[in-house]
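Protein chains in written order, with our numbering: chain A, 117 to 372; chain B, 117 to 372. Below is one structure, written out as structure tokens; comments come after it.
Number of protein chains: 2
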Amino acid sequence: MRYFIVYAHPEPRSLNGSLKDAAVQALEAAGHQVRISDLYAMGFKAQADADDFPARDSKERLFYHRASGDAFASGALAADVVREHEKLFWADVLVLQFPLWWFSVPAILKGWIDRVFVNGLAIGVPKEGTKQWLRYGEGRFAGKRAMLAVTTGGREGQFSERGINGPIDDLLFPLNHGLFHYVGMAPLRPFVAFQTVRTTDEEFQHMRARYIHRLLGIWQDQPIPYRFENGGEYESNGILRAGVAEGHTGFRAHCV
Amino acid sequence: MRYFIVYAHPEPRSLNGSLKDAAVQALEAAGHQVRISDLYAMGFKAQADADDFPARDSKERLFYHRASGDAFASGALAADVVREHEKLFWADVLVLQFPLWWFSVPAILKGWIDRVFVNGLAIGVPKEGTKQWLRYGEGRFAGKRAMLAVTTGGREGQFSERGINGPIDDLLFPLNHGLFHYVGMAPLRPFVAFQTVRTTDEEFQHMRARYIHRLLGIWQDQPIPYRFENGGEYESNGILRAGVAEGHTGFRAHCV
């Protein structure tokens, strides 16, 4: 299998960096192919702006979404974005690996998301012969699997069902559902390492083993069963039909 | 009153940019003082990295959280971050204004959050005479108010209680609760403009009036009533006490 790990930590000697190194080693030892986008090492440009469309008339008002669709269609996107597309198409599995900062991805990884998942590729893809869009379960990345791999200094209890930070699965919903599921990838339950400060050697060994186990098992595990937008459970306006998840609201209503 | 608007849109002639201009004009006309951080115009550095601590020994392993605390304590943070702190201390009201990209802030604004809310200022502030932290309702920014101002091309129904994107209030919880409430600011309900594509003049006038009304009314409106971590409703491990929000889980359990 082909694994594409997008890794966003500023310090190679960090716990997060060690987990990444261990992942590459274990995946390759098991016969898999691995490619890494080490966003900090690459100096990946975080801010989405007009420079992403070098062929565009820079005096015109920028509609970023529209411009990204035009540039994608005409093969005129910035070269660093095109290289990420090649890796995405190559991969069977996408892993986003990052430390949780302010309950979300670091800015450099948000920039990778903002700039790479362009109009025409990940959004705004019409479903032929219908008035529907290929999204939320369908799309150009269908057939691929995706997983978040997260480290946090916070304790697990704080991220539990009644913990003050909010449940970790709800905090990650915008990525698992709003990104992976949106573009058609099957999202796996995230790998999360809590309380990654002053980790003992033994704790780290355990964490590493757990991560590798998840990575190697990604095709055996069951994806998060989010509902498909075009699967008959939503009205054409994107609202759950009466009778589906009756009485339920919020993120969890979108899970079977 | 003093309003500090952090604005993150790459195109000054955008709908979002026009809302920002209108806000400044209306606030000043009403006698308020306004400062803007126009992140794109400033070329604000998005990625949090070792360059944020110019006085640090660059050969040492970077613990970003620890290094930010050291640099804050010794007055050795990067100059652009210090300037943002000055504006935050100056302000009575903080507004984060942005287009919703992939259900969150644009990378450049995430970078502003990651880099500005450093250890010792916004996190890791001990509560004197206790073993508690000043956070989630308490902190150095107590007494200030904060509001998100968001534009999105999506339709309101898609962000409703049973809409496929998830409820907008839940999507914004990591900012309202995880950032504003965390650092002690009182979060107001967000201003959200939906379906901002091909907006008619009349729709825009209405949107603008609604935004200005919210900005001017910020001291009359009731903040979102999130529970205080040190208010007696949480165990010392950050989990809601039995009897509080009995039977409730998830983000909403943290709202009174």
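In this text, a Cβ means the ideal position worked out from N, Cα and C, and glycines have one as well.
Are Gly227/A and Gly185/A close, meaning C-beta to C-beta below 8 Å?
One-based indexing of the first sequence puts residue 227/A at position 111. One-based indexing of the first sequence puts residue 185/A at position 69. At least 8 Å separates the beta-carbon of Gly227/A from that of Gly185/A.
Would you report the Cα separation of Gln311/B and Glu272/B, rounded to the nearest angstrom?
In the second sequence, the residue the question calls residue 311/B occupies position 195. In the second sequence, the residue the question calls residue 272/B occupies position 156. A direct Cα-to-Cα measurement between Gln311/B and Glu272/B gives close to 7 Å.
Provide the residue span of the alpha helix (DSSP H) that contains Gln213/B, from first to last.
Sequence index remark: in the second sequence, residue 213/B carries index 97 (1-based). In the DSSP annotation of this structure, Gln213/B is not part of any alpha helix (DSSP H); the continuous beta strand (DSSP E) holding it starts and ends at 209–215.
The alpha helix (DSSP H) enclosing Ser134/A, as first and last residue numbers:
Position 18 of the first sequence, counted from the first residue, corresponds to residue 134/A. Where Ser134/A is concerned, the enclosing alpha helix (DSSP H) stretches over 131–145.
Please tell me whether Tyr350/A and Leu135/A are closer than 8 Å, where the distance is taken between their beta carbons.
Within the first sequence, the letter at position 234 stands for residue 350/A. Within the first sequence, the letter at position 19 stands for residue 135/A. Result no, Cβ atoms of Tyr350/A and Leu135/A do not sit closer than 8 Å.
Could you list the residues in the stretch 255–283 of chain B with a C-beta less than 8 Å from some C-beta on chain A, going in chain order?
So the list reads Gly269, Arg271, Gly273, Gln274, Ser276, Glu277, Arg278, Gly279, Ile280, Asn281, Gly282, Pro283, given in the order they occur along the chain.
If the cut-off is 9 Å on Cβ atoms, which residues from the stretch 323–343 of chain B count as contacting chain A, listed in chain order?
Correct list: Arg343.
If we call anything under 8 Å between Cβ atoms a contact, is Val234/A one with Arg256/A?
The sequence position of residue 234/A within the first sequence is 118, counting from 1. The sequence position of residue 256/A within the first sequence is 140, counting from 1. In this structure, Arg256/A does not lie closer than 8 Å to Val234/A by Cβ.
Inter-residue Cα distance where the pair is Ala223/A and Tyr180/B
Position 107 of the first sequence, counted from the first residue, corresponds to residue 223/A. Position 64 of the second sequence, counted from the first residue, corresponds to residue 180/B. Answer to the nearest angstrom: the Cα atoms are 14 Å apart.
Under 8 Å by Cβ, that's how I've got His293/B and Phe214/B pegged, so tell me the actual separation to the nearest angstrom.
Indexing the second sequence from 1 puts residue 293/B at position 177. Indexing the second sequence from 1 puts residue 214/B at position 98. The beta-carbon distance between His293/B and Phe214/B, rounded to whole angstroms, is 18 Å. This is too long to meet the 8 Å contact definition.
At 4 residues or longer, and completely inside the stretch 241–296 of chain A: list those alpha helix (DSSP H) runs for me, N to C.
Within the stretch 241–296 of chain A, the complete alpha helix (DSSP H) runs of at least 4 residues are 284–287.
Tell me, which residues are paired with Val122/B by DSSP?
Translated into the one-based positions of the second sequence, residue 122/B becomes position 6. Beta-bridge pairing links Val122/B to Ser153/B, Leu212/B.
Members of the stretch 165–176 of chain A that neighbour chain B once the beta carbon cut-off is set at 7 Å
Within the stretch 165–176 of chain A, the qualifying residues are Asp165, Ala166.
Mapping the DSSP letters down to three states, classify Phe344/A as helix, strand or coil.
The count along the first sequence starts at 1 and reaches residue 344/A at position 228. Coil, per DSSP.
Between which two residues does the beta strand (DSSP E) harbouring Ala189/B extend?
Taking the first residue of the second sequence as position 1, residue 189/B is located at position 73. Note, Ala189/B: premise wrong, no beta strand (DSSP E); alpha helix (DSSP H) at 180–189.
Please classify His297/B as buried or exposed, where buried requires at least 16 neighbouring CB atoms within 10 angstroms.
As a first step, residue 297/B must be located in the second sequence, where it is residue number 181. With 16 or more Cβ atoms within 10 Å of its Cβ, His297/B is classed as buried.
Which bits of chain B does Pro303/A rub up against, with CB to CB less than 8 Å?
Counted from its first residue, the first sequence places residue 303/A at position 187. Chain B residues near Pro303/A: none, gap ~14 Å exceeds 8 Å.
Under 8 Å between C-beta atoms, does Asp286/B make it to chain A?
For the purposes of this step, residue 286/B is taken as residue 170 along the second sequence, with counting starting at 1. It does: the Cβ of Asp286/B has a partner Cβ on chain A nearer than 8 Å.
Applying the 10 Å Cβ sphere with the 16-neighbour rule, what's the burial state of Gln274/A?
Counting from 1 along the first sequence, the entry for residue 274/A is found at position 158. If you draw a 10 Å sphere on the C-beta of Gln274/A, you find 16 or more other C-beta atoms in it, and that means buried.
Looking at Thr365/B and Glu277/A, is the spacing between their C-beta atoms short of 8 Å?
For the purposes of this step, residue 277/A is taken as the residue at position 161 of the first sequence. For the purposes of this step, residue 365/B is taken as the residue at position 249 of the second sequence. Taking 8 Å as the cut-off, the beta carbon of Glu277/A is found closer than this to the beta carbon of Thr365/B.
Starting from the beta carbon of Ile355/B, find every residue of chain A whose beta carbon is closer than 8 Å, and list them in chain order.
Here residue 355/B refers to the residue found at position 239 of the second sequence. Chain-ordered, the chain A residues with CB closer than 8 Å to the CB of Ile355/B read Gly273, Gln274, Ser276, Arg278, Gly279, Ile280.
For Ile355/B, the residue or residues it bridges with in DSSP
Taking the first residue of the second sequence as position 1, residue 355/B is located at position 239. Note: Ile355/B sits in a beta bridge opposite Gly279/A.
Sort Pro170/B, Met323/B, Asp196/B, Asp317/B by Cα distance to Asp154/B and report the nearest one.
Locating residue 154/B in the second sequence gives position 38, where the first residue counts as 1. Comparing Cα-Cα distances from Asp154/B to each of Pro170/B, Met323/B, Asp196/B, Asp317/B, the minimum goes to Asp196/B.
Ser220/B - partner residues in DSSP beta bridges:
Against the second sequence, residue 220/B aligns to sequence position 104. Beta-bridge partners of Ser220/B (DSSP): Trp217/B.
Is the CB of Ala187/A under 8 Å away from at least one CB in chain C?
Looking for chain C here will not work: the only protein chains present are A and B.
With 9 Å as the C-beta to C-beta threshold (strictly closer), list the residues of the stretch 220–236 of chain B near chain A in chain order.
The stretch 220–236 of chain B vs chain A, Cβ under 9 Å: Ser220, Val221, Pro222, Ala223, Ile224, Leu225, Lys226, Gly227, Trp228, Ile229, Asp230, Arg231, Phe233.
Span of the beta strand (DSSP E), counted from its first residue to its last, around Tyr205/B:
Reading the second sequence from its first residue, position 89 is the one you call residue 205/B. Note that residue 205/B is Phe in the sequence shown, not Tyr. Counting along the chain, Phe205/B falls outside any beta strand (DSSP E), though it belongs to the alpha helix (DSSP H) covering 195–206.
Ends of the alpha helix (DSSP H) at Ala164/B?
Looking up residue 164/B in the second sequence gives position 48. If you look at Ala164/B, you'll find it isn't in any alpha helix (DSSP H); DSSP assigns it neither H nor E.
Report back the beta-carbon spacing between Val232/B and Glu200/B to the nearest angstrom; my notes put them in contact at under 8 Å.
One-based indexing of the second sequence puts residue 232/B at position 116. One-based indexing of the second sequence puts residue 200/B at position 84. Rounded to the nearest angstrom, the Cβ distance from Val232/B to Glu200/B is 5 Å, consistent with a contact under 8 Å.
For the pair the stretch 333–346 of chain A and the stretch 140–153 of chain A, tell me if three or more CB-CB distances fall below 8 Å.
No, the stretch 333–346 of chain A does not touch the stretch 140–153 of chain A.
Same chain, Cβ closer than 7 Å to Asp317/B, neighbours up to 5 away in sequence not counted
Position 201 of the second sequence holds residue 317/B. Within the same chain, Asp317/B has no close Cβ partners at all.
When burial is assigned at 16 or more other CB atoms within 10 Å of the CB, is Asp173/A buried or exposed?
As a position in the first sequence, residue 173/A is number 57, starting the count at 1. Exposed, because fewer than 16 other Cβ atoms sit within 10 Å of the Cβ of Asp173/A.
Do you know whose CA, among Trp218/A, Asn346/A, Tyr123/A, Leu332/A, lies nearest Arg151/A's CA?
Position 35 of the first sequence, counted from the first residue, corresponds to residue 151/A. Looking at the Cα atoms, Tyr123/A is the closest of the given residues.
Distance between Thr315/B and Glu176/A (C-alpha atoms, nearest Å)
Counting from 1 along the first sequence, the entry for residue 176/A is found at position 60. Counting from 1 along the second sequence, the entry for residue 315/B is found at position 199. Going from the Cα of Glu176/A to the Cα of Thr315/B covers about 19 Å.
Applying the criterion that 16 or more other CB atoms from any shown protein chain within 10 Å of the CB defines a buried residue, is Glu244/A buried or exposed?
Taking the first residue of the first sequence as 1, we reach residue 244/A at position 128. It is exposed - the Cβ of Glu244/A has fewer than 16 other Cβ atoms within 10 Å.
Cα separation between Arg343/A and Gly253/A?
For the purposes of this step, residue 343/A is taken as residue 227 along the first sequence, with counting starting at 1. For the purposes of this step, residue 253/A is taken as residue 137 along the first sequence, with counting starting at 1. Approximately 7 Å between the Cα atoms of the pair.
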